[in-house]
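A.B. asks: Before I ask anything, let me first share the structure, which is written out below as structure tokens.
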Amino acid sequence: MSIDIYWRIGTHGDQPSLRRRVTSRGEWAPVVPGSLAPGVRDGRRDGYSYVEHMADVARASESSGFVGGLLPSFPFTDDPWATAAALARETTTYRFMIAYQPGFLHPVQAARMSATLQRATGGRVVYNIISGGGGPAQLWWGDRVDHDDRYARTSEFLDVLKGVWGGGPFDYEGRFYRVEGAGLPEPLARQPFPEIYFSGSSKAAIEAAGRHADYYLSWLEPFPDLAAKFDQVRAHSTAIGRAPRFAVRIDVLARDTEEAAWDEVRRGWEHVDPSALTGPDGDSVGWLRSQSFVSWPVRHHRELEVSPNVWGGFHLLRGGPAFGLVGSYQQVAERLDELIGIGVDAFILAGVPHLEEAYRVGEEVLPLLKGRAHGRASGTAGPGRESSVSM
Amino acid sequence: MAASPEFLVTVPTRGDGREPGRQDRGDWRPDARRPLPSFVTDPRAGASRPSDHLAQVGRAAEIATVGGALVPFDPEGEEALVVAAGLLRQSRHLRVVAGFHPGVATPVYAAKFSASLQRFAEGRLGWQLDVDLDPAVARSQGDFLTGADRYARAEEFLTVAKGVWHEEGYTHEGRFYQVLAGGFQSPNSGLPFPRVHLGGTAPEALALSARHADVHLFTAGEDVAAGVAALSERAAAEGREVAYGLRVPVLAREDEDEAWAGVRGLWALAGAPGDPPGPDPRTGLWPGFATIGGSTPLGLVGSYETVAAGIRGYLDQGVTTFVLEARPAVEETYRLGERLLPLFAKEIERVH
């Protein structure tokens, strides 16, 4: 089985480096000379919007070896469905991994949108199903279903989505959804069903993942913790006769040498105010977990390196999860091989700035991967299958 | 003095074709596509995508200087918001109206999706909200509301969508929806809300339009004069003004003979018995469009001048938006842009 390596398309602007948290790409900061998409020409906005830059990131990562890109969804971002639909015809092989929360869309509508997008892209839609970071944001979205119920709803949502997908008529009566005589029209029903990447670290999430995930997706964590989490999912899935694959979402800061990589972190760290840390909030179990791997407070940036090249301070340099890899191209490739060794089947990589780093990581790191046979497999790895890397 | 008309074309989301029911364009019925003889080089295999034809229709409307395109809600067709996103991305001027019903998403999510499209396309997205679905269709979409409740839900849907769109910290506790400390922030705030198109002639429909419609769309054959009078009064009571539109199939040709020869040809191809009926002498509308592939029975047939005169009749009643429907979409859109729209050049110029 080959390894699928995705990139990420930031859906809320981008900064030109990790050195300073200055958003110059997109409209998330004032549009001034030096801003891009929109830019300033003759003293006025040039009429472009951030989607132009997202198209550039998609094309750059498509051409440098990634199978597709994750489109994240938060209250402040652009919408992944809208972005994928806009960019569908500007790429040829690129898969759009659409992050969404079941419950915001009706499953019949999600099926219709997905099938139309599958037709527009030639089957390049992938789902990243999130059941909610929760907290205050959940009611921002107008969603009053609480944490554990959201996973039950996700299960129903996917039951209905899959039920109508092949055509109809499909009847369903659940706690959250009810349909009668539902089904996609025949030309839409001929489409392949999107692969499902399923996130969530709580017990409820892991149970739902067991039923529905093609890939169980986690943020990067220290490798033994990640392996233990995979074991839990595997155990739960095996019990119900399923075998999900595993994916990890990883920020990468790779340079020619290890020194150059850490120097980049150091330059960003100079602008971080550790006292500004507010600590974890929301009901995301994943975020609470990620904060537990570090003993706060921290003074020096290398104190956040919990094991070689695994650094837990990315959230201080840009919005997003904490853990990622920092090191030379060779070191980062070796760590990715190790992850393949503990059972990772797919990666979602990201780097800031997304456009330039897509070229860098695609051209410099991915060709160094050796696959499962060379990863120093930990005790939790599955059978030692040889892996080839799907570019 | 008649106002300036705006023209939209209707995007075929269930395939398209030269003849009624052929639908061999847009990969809807691939079996209906006539293969080339085997000795003729045909490099097309696998090279086209189902969305190619929809993109071609959008480009045709853009190039033909048509103001916009309506992608209707059709449970038996492609999903309109996704199609609209693609058409907006590939055009510079075209306003694209996407049809959906209020049960497809939470109002927050519909607004969020739309805010992205407004950003990507400089505010050219419109909504057409279908409230009065056939009950069986509604149930197949997971919607079991009936009667006046549907309008109450649509009202709340639009209220919440506009609330989060325009107001940071927006909170709402209603019958159907709840939002706490919602509302979009920059750069998703401050955008034009999608132009809202609604329809229907029931009192609940008019009440909803009075409060929320930017454009109230009639279907050809409905009593437009009465609808305009009733809705204008209700809208004025709300302190609002509503623009009026008409969805109308057209078959316009160089002269009357050619138009009616076209009708007879399509009538025969559709396998309909006998001769096609003539136009209604009172309204001038021809009642046979449903038979030749139209989405509604009544429409305008005739020379460009005749069809223009029919449209002027509606302009005189206060209708300014014309959502034309003609198949095959690309060729007919070019025809409308080159031959019908110029007949309104004076009205359009006067305003711009």
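For the protein sequence lines, the chains are D and U, in the order given.
Sequential numbering of the first sequence, starting at 51, is according to my numbering.
Sequential numbering of the second sequence, starting at 175, is according to my numbering.
Virtual Cβ for every residue (Gly too), placed ideally from N, Cα, C.
Beta strand (DSSP E) containing S251 (chain D): first to last residue?
C.D. replies: Translated into positions along the first sequence, residue 251 (chain D) becomes position 201. Per DSSP, S251 (chain D) belongs to no beta strand (DSSP E) and is neither H nor E.
A.B. asks: Roughly how many whole angstroms lie between the Cα atoms of P330 (chain D) and L338 (chain D)?
C.D. replies: What you label residue 330 (chain D) is simply residue 280 of the first sequence in a count that begins at 1. What you label residue 338 (chain D) is simply residue 288 of the first sequence in a count that begins at 1. For P330 (chain D), the pLDDT reaches just 49, beneath the cut-off of 50, and the residue's location in the model is therefore unreliable, although a value from the coordinates is still provided. Cα to Cα, the separation comes out at about 6 Å.
A.B. asks: To which residues of the same chain is G511 (chain U) closer than 6 Å at the C-beta, ignoring the five residues directly before and after it?
C.D. replies: To locate residue 511 (chain U), count along the second sequence from 1; it is residue 337. These residues qualify, in order along the chain: A238, T239, V240.
A.B. asks: Name the chain B residues that come within less than 8 Å of Q352 (chain U), Cβ to Cβ?
C.D. replies: Included in the structure are the protein chains D and U, with no chain B among them.
A.B. asks: Any C-beta of chain U within less than 8 Å: which residues of the stretch 80 to 110 of chain D qualify?
C.D. replies: Residues G97, S99, Y100, V101.
A.B. asks: What's the call for H197 (chain D), buried or exposed, on a 16-neighbour Cβ count within 10 Å?
C.D. replies: Mapped onto the first sequence, residue 197 (chain D) falls at position 147. It is buried - the Cβ of H197 (chain D) has at least 16 other Cβ atoms within 10 Å.
A.B. asks: My parser needs the beta strand (DSSP E) runs of 3 or more residues fully inside the stretch 114 to 170 of chain D; what are they?
C.D. replies: Runs of the beta strand (DSSP E) inside the stretch 114 to 170 of chain D: 118 to 121, 145 to 150.
A.B. asks: Does chain U have any CB closer than 8 Å to the CB of D129 (chain D)?
C.D. replies: As a working note, residue 129 (chain D) is residue 79 in the first sequence. Yes, D129 (chain D) counts as interfacial toward chain U.
A.B. asks: According to DSSP, is P330 (chain D) part of a helix, a strand, or is it coil?
C.D. replies: As a first step, residue 330 (chain D) is located in the first sequence; it is residue number 280 there, counting from the start. Because P330 (chain D) sits at a pLDDT of 49, beneath the cut-off of 50, its placement in the model cannot be relied upon, and the point is left open.
A.B. asks: Quick one: which chain U residues come within Cβ less than 7 Å of V322 (chain D)?
C.D. replies: Here residue 322 (chain D) refers to the residue found at position 272 when the first sequence is read from its first residue. In chain order: nothing, as chain U lies at least about 24 Å away.
A.B. asks: Taking 8 Å as the cut-off, decide whether the C-beta atoms of A254 (chain U) and P246 (chain U) are in contact.
C.D. replies: Residue 254 (chain U) sits at position 80 when you count from the first residue of the second sequence. Residue 246 (chain U) sits at position 72 when you count from the first residue of the second sequence. Taking 8 Å as the Cβ cut-off, A254 (chain U) and P246 (chain U) qualify as a contacting pair.
A.B. asks: Is H156 (chain D) close to chain U? Criterion is C-beta to C-beta, closer than 8 Å.
C.D. replies: Sequence index remark: in the first sequence, residue 156 (chain D) carries index 106 (1-based). Interface residue, yes.
A.B. asks: Name the residue from U:L307, U:G452, U:E506 whose alpha carbon lies nearest to the alpha carbon of G373 (chain U).
C.D. replies: Stepping through the second sequence from its first residue, residue 373 (chain U) is reached at position 199. Nearest of U:L307, U:G452, U:E506 to G373 (chain U), Cα basis: U:L307.
A.B. asks: Are there 16 or more other CB atoms within 10 angstroms of the CB of K286 (chain U), so buried, or fewer, so exposed?
C.D. replies: Along the second sequence, read from residue 1 onward, the residue named residue 286 (chain U) stands at position 112. Counting Cβ neighbours within 10 Å, K286 (chain U) comes out buried, since at least 16 surround it.
A.B. asks: Enumerate, from N- to C-terminal direction, the unbroken beta strand (DSSP E) stretches of 3 or more residues contained entirely within the stretch 308 to 394 of chain D.
C.D. replies: 355 to 357, 374 to 378, all fully within the stretch 308 to 394 of chain D.
A.B. asks: For S114 (chain D) versus Y409 (chain D), is the C-beta distance shorter than 8 Å?
C.D. replies: In the first sequence, counting from the first residue as 1, residue 114 (chain D) sits at position 64. In the first sequence, counting from the first residue as 1, residue 409 (chain D) sits at position 359. Cβ distance < 8 Å, so S114 (chain D) and Y409 (chain D) count as in contact.
A.B. asks: I'd like to know whether the C-beta atoms of F518 (chain U) and A482 (chain U) end up nearer to each other than 8 Å.
C.D. replies: The residue labelled residue 518 (chain U) in the question sits at position 344 within the second sequence. The residue labelled residue 482 (chain U) in the question sits at position 308 within the second sequence. Their beta carbons are under 8 Å apart, which means F518 (chain U) touches A482 (chain U) by this criterion.
A.B. asks: For the stretch 376 to 392 of chain U and the stretch 430 to 440 of chain U, state whether three or more C-beta atom pairs, one from each stretch, are separated by less than 8 Å.
C.D. replies: Short answer: they don't touch.
A.B. asks: Please list the residues of the stretch 243 to 260 of chain U that have a C-beta atom closer than 9 Å to any C-beta atom in chain D, keeping them in chain order.
C.D. replies: For the stretch 243 to 260 of chain U, which is checked against every Cβ of chain D, the residues closer than 9 Å are D248, P249, E250, G251, E252, E253, A254, L255, V256, V257, A258, A259, G260.
A.B. asks: By how many angstroms is the C-alpha of E499 (chain U) removed from the C-alpha of V72 (chain D)?
C.D. replies: Position 22 of the first sequence holds residue 72 (chain D). Position 325 of the second sequence holds residue 499 (chain U). If you take the alpha carbons of V72 (chain D) and E499 (chain U), they lie about 49 Å apart.
A.B. asks: A297 (chain D) and F397 (chain D): beta carbons closer than 8 Å?
C.D. replies: Stepping through the first sequence from its first residue, residue 297 (chain D) is reached at position 247. Stepping through the first sequence from its first residue, residue 397 (chain D) is reached at position 347. In this structure, F397 (chain D) lies closer than 8 Å to A297 (chain D) by Cβ.
A.B. asks: Could you name the residues of chain D that G277 (chain U) contacts, counting a contact when the two beta carbons are closer than 7 Å?
C.D. replies: The sequence position of residue 277 (chain U) within the second sequence is 103, counting from 1. In chain order: H156.
A.B. asks: Given a cut-off of 8 Å, decide if D395 (chain D) and Y247 (chain D) are closer than it, judged by their beta-carbon atoms.
C.D. replies: In the first sequence, residue 247 (chain D) corresponds to position 197, counting from 1. In the first sequence, residue 395 (chain D) corresponds to position 345, counting from 1. For Y247 (chain D) and D395 (chain D), no; Cβs fall outside 8 Å.
A.B. asks: Apply the 10 Å Cβ neighbour rule to G84 (chain D) and answer buried if 16 or more other Cβ atoms are within range, or exposed otherwise.
C.D. replies: Locating residue 84 (chain D) in the first sequence gives position 34, counting from the first residue. Result: exposed.
A.B. asks: Could you name the residues that DSSP lists as bridge partners for F496 (chain U)?
C.D. replies: Indexing the second sequence from 1 puts residue 496 (chain U) at position 322. According to DSSP, F496 (chain U) bridges with U:F181, U:L420.
A.B. asks: From the beta carbon of S52 (chain D), is the nearest beta carbon of chain U less than 8 Å away?
C.D. replies: Sequence index remark: in the first sequence, residue 52 (chain D) carries index 2 (1-based). Not one chain U Cβ lies under 8 Å of S52 (chain D).
A.B. asks: In chain U, what lies closer than 8 Å to F126 (chain D) by C-beta?
C.D. replies: Stepping through the first sequence from its first residue, residue 126 (chain D) is reached at position 76. Here the neighbours are Q359, N362.
A.B. asks: Under the assumption that G318 (chain D) contacts V283 (chain D) (Cβ atoms under 8 Å), give the Cβ distance between them as a whole number of angstroms.
C.D. replies: Locating residue 318 (chain D) in the first sequence gives position 268, counting from the first residue. Locating residue 283 (chain D) in the first sequence gives position 233, counting from the first residue. Actually they do not touch by this definition, with Cβ atoms about 33 Å apart.
A.B. asks: Would you call the stretch 393 to 404 of chain U in contact with the stretch 343 to 359 of chain U, where contact means no fewer than 3 C-beta pairs closer than 8 Å?
C.D. replies: Not touching, per the Cβ criterion.
A.B. asks: For R313 (chain U), would you say it is in contact with chain D, using Cβ-to-Cβ distances shorter than 8 Å as the test?
C.D. replies: As a position in the second sequence, residue 313 (chain U) is number 139, starting the count at 1. For R313 (chain U), the answer is yes, since a Cβ of chain D falls inside 8 Å of its Cβ.
A.B. asks: Quick one: is F318 (chain U) buried, meaning 16 or more other Cβ sit within 10 Å of its Cβ, or exposed?
C.D. replies: To locate residue 318 (chain U), count along the second sequence from 1; it is residue 144. Classification for F318 (chain U): exposed.
A.B. asks: Consider the Cβ of F318 (chain U): report whether some Cβ of chain D lies at a distance smaller than 8 Å.
C.D. replies: Numbered from 1 along the second sequence, position 144 holds the residue referred to as residue 318 (chain U). So yes, F318 (chain U) belongs to the interface.
A.B. asks: R290 (chain U): which of D:T141, D:T171, D:F124, D:V158 sits nearest, CA to CA?
C.D. replies: Numbered from its first residue, the second sequence carries residue 290 (chain U) at position 116. The sequence as given places Ser at residue 290 (chain U); Arg does not occur at that position. It is D:F124 whose Cα lies nearest to the Cα of S290 (chain U).
A.B. asks: From R266 (chain U) to A235 (chain U), what distance separates their C-alpha atoms?
C.D. replies: Residue 266 (chain U) sits at position 92 when you count from the first residue of the second sequence. Residue 235 (chain U) sits at position 61 when you count from the first residue of the second sequence. Using only the alpha carbons, I get a separation of about 11 Å.
A.B. asks: Leaving out five residues before and five after L123 (chain U) in sequence, what residues of the same chain have Cβ atoms less than 8 Å from its Cβ?
C.D. replies: Nothing can be reported for residue 123 (chain U), as the shown portion of chain U is limited to 175 through 526.
A.B. asks: Within this structure, are the beta carbons of I390 (chain D) and I148 (chain D) separated by less than 8 Å?
C.D. replies: Position 340 of the first sequence, counting from 1, holds the residue named residue 390 (chain D). Position 98 of the first sequence, counting from 1, holds the residue named residue 148 (chain D). No; because the gap between Cβ atoms is not below 8 Å, this pair is not in contact.
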